[in-house]
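Okay, structure first, notes after.
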């Protein structure tokens, strides 16, 4: 009532005042993003084989309910299992060995209720990135998958990149980082869109390639508004008694995006982890 009276008196005095309009262009959306190396289906893993782990991995994913799930090391049969268990997700990705179904995927699942797929693709981490090839001094063929998603409610765009770096080649690691920076610049139109980069980078934070990426993008752990949750390390070696001190899985975000929470999830059952890596999760506002 006091505000109305004051406004009326100002109007009588001929004073003009303005009420600022809501800025529709700063509407933000939030998304939970998970990156998870699920360990390839290796029949020699015994009690740690995929058949013993897949139900636990699916339960973990469903409980934590990411809107975007990036997986590494998934073989085609594992992708099929995940698709079957996560039926409200869309999927993009190819096998790294031939760009179809052979070899490990660095695949991306997305919640179809929240996102529509605008565009997607992939490139190999090599000097001939448009075809299946081993890069530089790498031990394996390596790939990066990307997808441009549109939030159905806010219409905002988010571009997600998911990769798995080589574990041996130092030059391959450095050159792969440079290639990804170049591709992100190209595919986001010089940073016009919000974007995230996830994956198993097979390197500790002090490695040159990680330092390089950390200068280009924000390491989600370092910019989280709340204190990071869970262990520092993400690689557990399937050893429940080994210290979780090896951090090789990361989520990088475009500089300035808001990371509300960051966590490394050490979920387990009967003293067994569901993979030899732990999933990394963030809540992102963009």
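In my numbering, the protein residues as written are -10 to 275. Don't be surprised by glycine CBs; every beta carbon is placed ideally from N, CA and C.
Bridge partners - residue i, DSSP secondary structure assignment
{"i": "residue 164", "result": "Bridge partners of residue 164: none, in fact."}
{"i": "residue 106", "result": "138"}
{"i": "residue 188", "result": "152 and 239"}
{"i": "residue 132", "result": "113"}
{"i": "residue 215", "result": "According to DSSP, which records beta bridges pairwise, residue 215 is partnered with nothing at all."}
{"i": "residue 75", "result": "Its beta-bridge partners do not exist; DSSP assigns none."}
{"i": "residue 258", "result": "261"}
{"i": "residue 176", "result": "Bridge partners of residue 176: none, in fact."}
{"i": "residue 270", "result": "23 and 252"}
{"i": "residue 208", "result": "241"}
{"i": "residue 146", "result": "139"}
Opening and closing residue of the beta strand (DSSP E) in which residue i lies
{"i": "residue 63", "result": "57 to 63"}
{"i": "residue 98", "result": "94 to 100"}
{"i": "residue 28", "result": "Unbroken run through residue 28: none, as it is neither H nor E."}
{"i": "residue 284", "result": "A question about residue 284 goes unanswered here, because the residues of the chain that appear run from -10 up to 275."}
{"i": "residue 252", "result": "247 to 253"}
{"i": "residue 80", "result": "78 to 81"}
Endpoints, alpha helix (DSSP H) assigned at residue i
{"i": "residue 275", "result": "Element bounds for residue 275: n/a, residue is neither H nor E."}
{"i": "residue 41", "result": "39 to 53"}
{"i": "residue 201", "result": "197 to 205"}
Proximity test, residue i beta-carbon vs the ligand GDP heavy atom, cut-off 7 Å
{"i": "residue 32", "result": "Among the ligands in the structure shown, none appear at all, so the ligand GDP cannot be discussed."}
Anticipated Cβ contact below 8 Å, residue i with residue j, distance rounded
{"i": "residue 59", "j": "residue 151", "result": "4 Å"}
{"i": "residue 22", "j": "residue 271", "result": "5 Å"}
{"i": "residue 276", "j": "residue 24", "result": "Missing from the structure shown is residue 276; the chain here goes from -10 to 275 and no further."}
{"i": "residue 153", "j": "residue 95", "result": "5 Å"}
{"i": "residue 66", "j": "residue 30", "result": "6 Å"}
{"i": "residue 148", "j": "residue 137", "result": "5 Å"}
{"i": "residue 18", "j": "residue 145", "result": "5 Å"}
{"i": "residue 288", "j": "residue 266", "result": "Outside the shown range of the chain (-10 to 275) lies residue 288, about which nothing can therefore be said."}
{"i": "residue 161", "j": "residue 202", "result": "In fact, because the Cβ distance is near 14 Å, the residues do not count as touching under 8 Å."}
Residue i at chain D interface by Cβ criterion, 8 Å
{"i": "residue 30", "result": "Here there is only one protein chain, and chain D is not present."}
| With a cut-off of 8 Å, do at least 3 Cβ pairs link the segment 182 to 192 to the segment 150 to 168? | Per the Cβ contact rule, the segment 182 to 192 is in contact with the segment 150 to 168 (3 or more Cβ pairs under 8 Å).
| message | Can you confirm whether the segment 122 to 129 touches the segment 219 to 231 when touching is taken to mean that 3 or more C-beta pairs between the two stretches lie within less than 8 Å? | response | They do not touch, by the three-pair rule.
| the segment 132 to 139 contacting the segment 37 to 51, beta-carbon criterion three pairs below 8 Å | Touching, no, given that fewer than three Cβ pairs across the two stretches are closer than 8 Å.
| field | Any 3 or more C-beta pairs closer than 8 Å across the segment 47 to 65 and the segment 254 to 263 | value | Between the segment 47 to 65 and the segment 254 to 263 there are three or more C-beta pairs closer than 8 Å, enough to call the two in contact.
| Hey, is the segment 111 to 123 in contact with the segment 25 to 40, meaning 3+ C-beta pairs nearer than 8 Å? | The segment 111 to 123, when compared against the segment 25 to 40, does not touch it at the 8 Å Cβ threshold.
| Do the segment 75 to 87 and the segment 102 to 116 touch if we need at least three Cβ pairs shorter than 8 Å? | Output reads yes: the segment 102 to 116 touches the segment 75 to 87.
| query | Contact between the segment 239 to 254 and the segment 166 to 185: three or more CB pairs below 8 Å? | reply | A contact between stretches requires three or more CB pairs, one per stretch, nearer than 8 Å, and the segment 239 to 254 meets this requirement with the segment 166 to 185.
| said: With three or more beta-carbon pairs closer than 8 Å as the criterion, would you say the segment 170 to 177 touches the segment 207 to 215? | reply: No, the segment 170 to 177 does not touch the segment 207 to 215.
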